[in-house]
Each structure stands twice: as structure tokens, then as C-alpha cells.
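The next block holds one structure in the form of C-alpha cells; read it before the comments.
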Amino acid sequence: MSFWLPGLFGSLAAAPQQPGFSLTSVYYHSSVSEHETVARAREINRGRLSASVSTNVRARFAADADLALVIPSYTFASPVLGGQATIGLTTITGRSNASVDALLNASILTGPFAIAGSRFYSVGDEVTGFGDLYPQLTMRWNAGVNNFMAYLTGNIPVGAYDPSRLANLGLGHGAIDGGVGYTYFDPTTGNEFSVVGGLTYNFENPDTDYRSGVDLHIDWGVSKFLTKQLQIGAVGYLYDQLTCDGGPGDRVGCFESRVASVGAQVGYIVPMGEIQGYVNLKAYREFEAENRAEGWNVWLTLVLSPAAAPPPAVTPTRRMALK
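Using our numbering, you'd call the opening residue of the sequence shown number 8 and step up by one each time.
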């Protein structure tokens, strides 16, 4: 389980925001599975399987989650460092479950003899509750159709977590993450492209003495506004762990993980007087996973933000009639 939730950023990520309070609500569903590698590693780390035992494991790990992300934020009207500053806090609540089905064919060396045996077992966990807290600072700069951003976020490990469980809503450790992004958006043509890349540093889990390696993540989106309100396009992400896992509690070795994904999106802007609503639906299909379960996920997002101020009315100039 990584700190970064791939797909969190998408289209218009670096576009300027309207000053004031905004509220983003996200329903997130994911379903993933993996054979052998992830299942074996999880069971070793939980103490159900010994890394010193020679095993031929046929196993399947599966997990799914239904999460609600609520993200209140505030964008300052006064410029900061020549740009626009936004602060926010991501909160998570929901449900997660995970299971492992495994057939173990093991041989244990006892002196000159090897004792062989087979065992099948199935274990599953489910948890419902609150996840960790994620404060975030974002800076944005605008130059015509080009938009730039930088962000800094981290993890406050207060969510539901138990090192003996397969399923958790919290990480059990702190993390810090930062990155940069770019959005090209031309309102006259409706063409848009966004990409955000970042790095995550994970602190050691005090319950397991395990530390995940540094990872790189890239989220991207490309879209076309067919009208001033309707948007369609494609989305994707890449997650790639750059350094090995470690710590005194590491029983599985380096275990660098990676996964890629592509998908589709549709968005719609809903004018609501002084408030503007934005609804976005995007879905991802993962592939090329290594040391990580892969599957699919869906995001349904509603953003409520201050509406853009209307242009000032132009008073017609009267010319004095000369007699």
C-alpha cells in the first residue's frame, strides 16, 4: 500500500483557481488482484509464512475499496511569490477488504533430511472507518495558455491501522511528498493537457520496523471541451518505486513495485449562481504491474468553488450633439 493514490491529479491540475473556499468530494472505488508475489510478501511480513522456509506457493491476493475523500481548501486572493497559493486538507472515510488464498508446498531441512508438506488456507480482513490526514500546499502560476504548479503534501498517520490485518485504511507511518505540474489550456479551442509528477519519501513504520522505498508518480490527463461546459478525454498514470524497501523488519528484500494505467474521462461544468459546480468521472485500467497488485479504479468527483466574477458592464459613451 503506497502513500500516493495514483490518479489523484488529472486534467486542469495546474489551472488557476477562484479565490475563496472550495470543497472537493470524491467517491473512489478500486478492485485489484495479484498472484503469488504480493500474496507471499504480505504473508511473510505478517508472520504467517517464514522467509527461511523453501516454499512453492500458489497464491492469490485480492482487495477492493470504497472510499470517500473530502477535501476542503482555500485559495488566497493576494499573490504569493508571484503566484496563487492554495491550502487544503484531504480526509478519507470508507471501507477496504483484502484476502489471500494460498496453497503451500514446503520443504523444511532438518539435518540431512527434508520434510515436505502441503497446506491450503484462505484468510481475509475487512475494515471500515477513517483514513489518514493529508495536508497540502499548492502554488500555481499562469502565463496565458501555460500554467505551472508546485505542491507539497504529507501523511499524518491517524487512520485505522493494524499491522496484523490484511486490509487497512491508514498507512501506519508518516510520509512526505512533493512535485511539480503543468497544464496547457486554450479556452478558445477547448484543448487541454495536464501532467503532474512527484516523489514520495516514506518514514519507517514503528509497528513493523519496515520502510518503503522512494517512489516516483506521474499523473496525466488530456481533454477537449466540446462546449464551454462539456469535456471528454483520456487519463493515465505511472507509479515507479525508485529505491528498495528496507528497515529491520524487512523480510522480503528489495521489493520495488511499479504499475501503469490508462483510462477515459468526462467532465461537466454546472453554473450555480455565485457557486460553480464541476463533475468529473474517470476510470483507469492498470497494466505492467510488478510487485504490486493491479486492477481497475473509478473516480467520481464533485467540486464546488466560487464562480468567476462576471466581466464589468461597459457603459456606452454619449457624444455631445453640436447645434
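All C-beta atoms in this analysis are idealised placements derived from N, C-alpha and C, irrespective of residue type, glycine included.
In the structure shown, Gly17 adopts coil according to DSSP, grouped into three states. Annotated three-state conformation of Leu237 is strand, per DSSP.
Between Asp222 and Gly179 the beta-carbon gap is near 17 Å, outside 8 Å, which marks them as no contact.
For the 7 Å CB-CB criterion, Gly270 and Ala290 form a contact.
In this structure, Gly136 places its C-beta atom within 7 Å of the C-beta atom of Leu176. Distance check between Thr97 and each of Tyr81, Leu110, Leu76 places Leu76 closest, using alpha-carbon atoms only.
DSSP lists Ser38, Arg292 as the bridge partner or partners of Trp303. Residue pairing by DSSP places Gln272 opposite Gly240, Lys289 in a beta bridge.
In this structure, Leu19 sits near Thr190, with a CB-CB distance shorter than 7 Å.
With contacts defined by Cβ atoms closer than 7 Å, Pro26 and Tyr246 do not form a contacting pair. Glu293 sits buried, since 16 or more C-beta atoms from the chains shown fall within 10 Å of its C-beta.
Burial check for Asn153: the Cβ neighbour count within 10 Å stays below 16, so the residue is exposed. In the three-state DSSP reduction, His224 falls in the strand class (E or B). A direct Cα-Cα distance of roughly 37 Å separates His36 from Ser85.
Of the other Cβ atoms in all chains shown, 16 or more fall within 10 Å of the Cβ of Ala109; this residue is therefore buried.
Taking the Cα of Tyr34 as reference, the smallest distance to any Cα among Ala315, Ala314, Ala300, Leu307 is reached at Leu307. CA-to-CA, the gap between Asn104 and Ile94 works out to about 32 Å.
Ala21 places its beta carbon 7 Å or farther from that of Arg102. When the beta-carbon positions are compared, Phe10 and Thr195 stay at least 7 Å from each other. When the beta-carbon positions are compared, Gly138 and Ile99 come within less than 7 Å of each other. Straight across, the Cα-Cα distance linking Pro313 with Tyr168 is about 36 Å. Collapsing the DSSP output to three states places Leu140 in a strand.
Minimum Cα-Cα distance from Asp193 among the listed residues Gly161, Ala157, Pro278, Gly151 corresponds to Gly151. In this chain, the beta strand (DSSP E) harbouring Leu159 covers 153-162. For Gly220, the CB contacts under 6 Å within the same chain, skipping 5 residues up- and downstream, are Gln248, Thr250, Cys251, Asp252 in chain order.
Taking the CA atoms as reference points, Gly181 sits about 7 Å from Gly161.
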